[in-house]
Amino acid sequence: MSVLSILSDLGAIYPTVFTTDFLRYVIGAGGVYLIVNLLLSRHLAGRKIREQSPPLKQIRREIQASFRTVLIFALNGTLIVYGAGFGVFTIYTDAAAFGWWYLAFSTLVLIVLHDSWFYWAHRLLHYPPLFRLFHRLHHLSYNPTPFTSYSFGAGEAVANAIYLPLTLLLLPVHPLALLIFVIHMMLRNAIGHCGYEIFPANRQRMPLFDWVTTVTHHDLHHSHAGYNMGLYFTWWDRWMGTEYPHYHAEFARVSRPVDWWPYTTAVAILVVSVILGFSLAAASESADQNSEPRRGIDEATQAIAGSGCNRTSLHYALSSMSDREYPVVVPASLHQWVAQWPNRE
Ligand SMILES: [Zn+2]
Ligand SMILES: [Zn+2]
Numbered sequence: 106m107s108v109l110s111i112l113s114d115l116g117a118i119y120p121t122v123f124t125t126d127f128l129r130y131v132i133g134a135g136g137v138y139l140i141v142n143l144l145l146s147r148h149l150a151g152r153k154i155r156e157q158s159p160p161l162k163q164i165r166r167e168i169q170a171s172f173r174t175v176l177i178f179a180l181n182g183t184l185i186v187y188g189a190g191f192g193v194f195t196i197y198t199d200a201a202a203f204g205w206w207y208l209a210f211s212t213l214v215l216i217v218l219h220d221s222w223f224y225w226a227h228r229l230l231h232y233p234p235l236f237r238l239f240h241r242l243h244h245l246s247y248n249p250t251p252f253t254s255y256s257f258g259a260g261e262a263v264a265n266a267i268y269l270p271l272t273l274l275l276l277p278v279h280p281l282a283l284l285i286f287v288i289h290m291m292l293r294n295a296i297g298h299c300g301y302e303i304f305p306a307n308r309q310r311m312p313l314f315d316w317v318t319t320v321t322h323h324d325l326h327h328s329h330a331g332y333n334m335g336l337y338f339t340w341w342d343r344w345m346g347t348e349y350p351h352y353h354a355e356f357a358r359v360s361r362p363v364d365w366w367p368y369t370t371a372v373a374i375l376v377v378s379v380i381l382g383f384s385l386a387a388a389s390e391s392a393d394q395n396s397e398p399r400r401g402i403d404e405a406t407q408a409i410a411g412s413g414c415n416r417t418s419l420h421y422a423l424s425s426m427s428d429r430e431y432p433v434v435v436p437a438s439l440h441q442w443v444a445q446w447p448n449r450e
């Protein structure tokens with residue numbers, strides 16, 4: 106197998122992964138901006154963290170930087186799909202293989218480990234020489250927006266990206282676990298930069314779930330860069346003494362009571378849509394076991410196996426997978442074929 110053919114195979118996978126990553130950013134960051142910063146901005150005016158709004162020039166810069174981040178994340182995803190084909194990473198498609206408990210457990214592990222990875226990588230990125238090289242761009246957004254969520258220097262994007270392949274070397278995962286992980290990552294990231302405190306408070310105006318990082322928590326990182334390095338949870342900042350000392354006072358200041366009905370309606374619509382989406386995906390998954398698309402994949406795989414060629418056929422097989430499947434899903438038959446690949450060359 107030549108270097109050229111490997112590059113060509115990677116090039117065949119890349120566009121699909123790029124499109125998925127790009128749409129995730131557009132829908133995640135754009136969706137949070139549309140709902141929180143535009144549609145609900147009046148209702149949430151009392152919970153706006155800063156008086157001033159970020160300049161449009163900043164948003165333009167953030168989107169440009171995010172585009173480069175998506176290019177890097179897509180390269181990472183492409184390597185994961187390619188590596189999964191060779192059995193370097195175990196991405197199993199039969200949920201029953203490890204059981205539903207394992208699926209839930211592995212999803213939690215992905216999220217909790219990512220929080221730890223992010224905290225320590227982030228602390229390293231604040232080491233002055235590394236900060237200037239890799240992390241400064243993110244902090245140019247002193248007053249962040251949902252689009253700041255992917256506004257990274259190239260080095261920072263790589264530091265964020267390599268978490269997944271490193272973890273997948275040891276942790277077998279189902280595509281659904283990966284999907285929940287990336288959706289949660291995108292949404293928490295975009296919400297954490299939205300500039301409005303939308304996390305619930307108790308009667309004392311303390312965070313209702315104090316172990317979860319609120320919008321104020323990460324917003325304070327952008328105004329006081331030495332504090333609040335955590336991503337999803339407050340654990341590491343508290344254990345390591347890096348939480349902003351007046352965090353709770355700041356949270357109390359911005360968590361003013363608001364008229365919640367538009368917010369709860371928007372959240373309810375979002376939750377129902379996600380549940381409906383998952384149910385439809387699960388229903389179509391079981392219905393498709395013997396249907397045309399499924400047969401299409403099997404036929405494509407057989408054709409590939411018979412043809413002995415590789416990159417065009419791999420591209421054909423991947424693109425013949427129905428749209429409902431996350432691109433990391435490699436059908437078992439294709440997976441087996443790719444595993445035998447070196448013997449075919
Ligand atoms: Zn940030
Ligand atoms: Zn930082």
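Just so you know, we're using our numbering here: the sequence shown kicks off at 106 and counts up by one.
Glycine residues also receive a C-beta, built at the ideal position from the N, C-alpha and C atoms.
Bear in mind the structure is a predicted one, so any value in this text is a computation, not a measurement.
Which residue wins for smallest C-alpha separation from residue i, given the options the options?
i: residue 278; options: 168, 171 and 194; result: 194
i: residue 273; options: 235, 216 and 248; result: 216
i: residue 291; options: 239, 266 and 109; result: 266
i: residue 230; options: 128, 214, 261 and 250; result: 261
i: residue 328; options: 340, 363 and 351; result: 351
i: residue 183; options: 293, 302, 116 and 382; result: 116
i: residue 220; options: 382, 333 and 349; result: 333
i: residue 366; options: 303, 347, 338 and 331; result: 303
i: residue 222; options: 112, 341, 162 and 144; result: 341
i: residue 315; options: 381, 345, 356 and 248; result: 356
i: residue 162; options: 282, 324, 250 and 347; result: 250
i: residue 224; options: 358, 270, 379 and 345; result: 345
i: residue 330; options: 339, 270 and 348; result: 348
i: residue 203; options: 235, 282, 112 and 190; result: 282
i: residue 324; options: 155, 382, 218 and 287; result: 155
i: residue 140; options: 128, 369 and 218; result: 369
i: residue 181; options: 135, 122, 151 and 213; result: 122
i: residue 248; options: 114, 235, 147 and 326; result: 326
Could you check whether residue j and residue i sit closer than 8 Å to each other, using their CB atoms as the reference points?
i: residue 321; j: residue 335; result: no
i: residue 153; j: residue 300; result: yes
i: residue 137; j: residue 295; result: yes
i: residue 310; j: residue 246; result: no
i: residue 130; j: residue 171; result: yes
i: residue 175; j: residue 255; result: yes
i: residue 371; j: residue 109; result: no
i: residue 276; j: residue 211; result: yes
i: residue 270; j: residue 185; result: yes
i: residue 189; j: residue 126; result: no
i: residue 79; j: residue 308; result: The structure shown does not extend to residue 79, since the chain spans only 106 to 450, so no value can be given for it.
i: residue 213; j: residue 200; result: no
i: residue 264; j: residue 306; result: no
State yes or no: is the C-beta of residue i nearer than 7 Å to some heavy atom of ligand 1?
i: residue 489; result: Here the chain covers residues 106 to 450 and nothing more, so residue 489 does not appear.
i: residue 326; result: yes
i: residue 253; result: yes
i: residue 231; result: no
i: residue 298; result: yes
Write down the C-beta distance between residue i and residue j rounded to the nearest angstrom, noting that I regard them as a contact closer than 8 Å.
i: residue 259; j: residue 173; result: 6 Å
i: residue 196; j: residue 280; result: 6 Å
i: residue 242; j: residue 257; result: 7 Å
i: residue 252; j: residue 168; result: 6 Å
i: residue 149; j: residue 363; result: 6 Å
i: residue 187; j: residue 118; result: 6 Å
Can you tell me whether residue i is helix, strand or coil according to DSSP?
i: residue 130; result: helix
i: residue 247; result: coil
i: residue 301; result: strand
i: residue 90; result: This structure does not reach residue 90, given that the chain is present from 106 up to 450, and the question cannot be answered.
i: residue 317; result: strand
i: residue 338; result: strand
i: residue 278; result: strand
i: residue 120; result: helix
i: residue 312; result: strand
i: residue 262; result: helix
i: residue 428; result: With a pLDDT of only 43 at residue 428, under the threshold of 50, the placement of this residue in the model should not be trusted; the figure read from the coordinates follows. Coil.
i: residue 200; result: helix
i: residue 150; result: helix
i: residue 330; result: coil
i: residue 395; result: In this prediction, residue 395 scores a pLDDT of 48, lower than 50, which makes its location untrustworthy; no coordinate-derived value is stated.
Is residue i near ligand 2 - that is, is its Cβ less than 7 Å away from at least one heavy atom of it?
i: residue 81; result: This structure does not reach residue 81, given that the chain is present from 106 up to 450, and the question cannot be answered.
i: residue 148; result: no
i: residue 244; result: yes
i: residue 322; result: no
i: residue 240; result: yes
i: residue 227; result: yes
With respect to 7 Å, is the separation between the Cβ of residue i and the closest non-hydrogen atom of ligand 4 below this value?
i: residue 182; result: Looking for ligand 4 in the displayed structure turns up nothing; the ligands present are ligand 1 and ligand 2.
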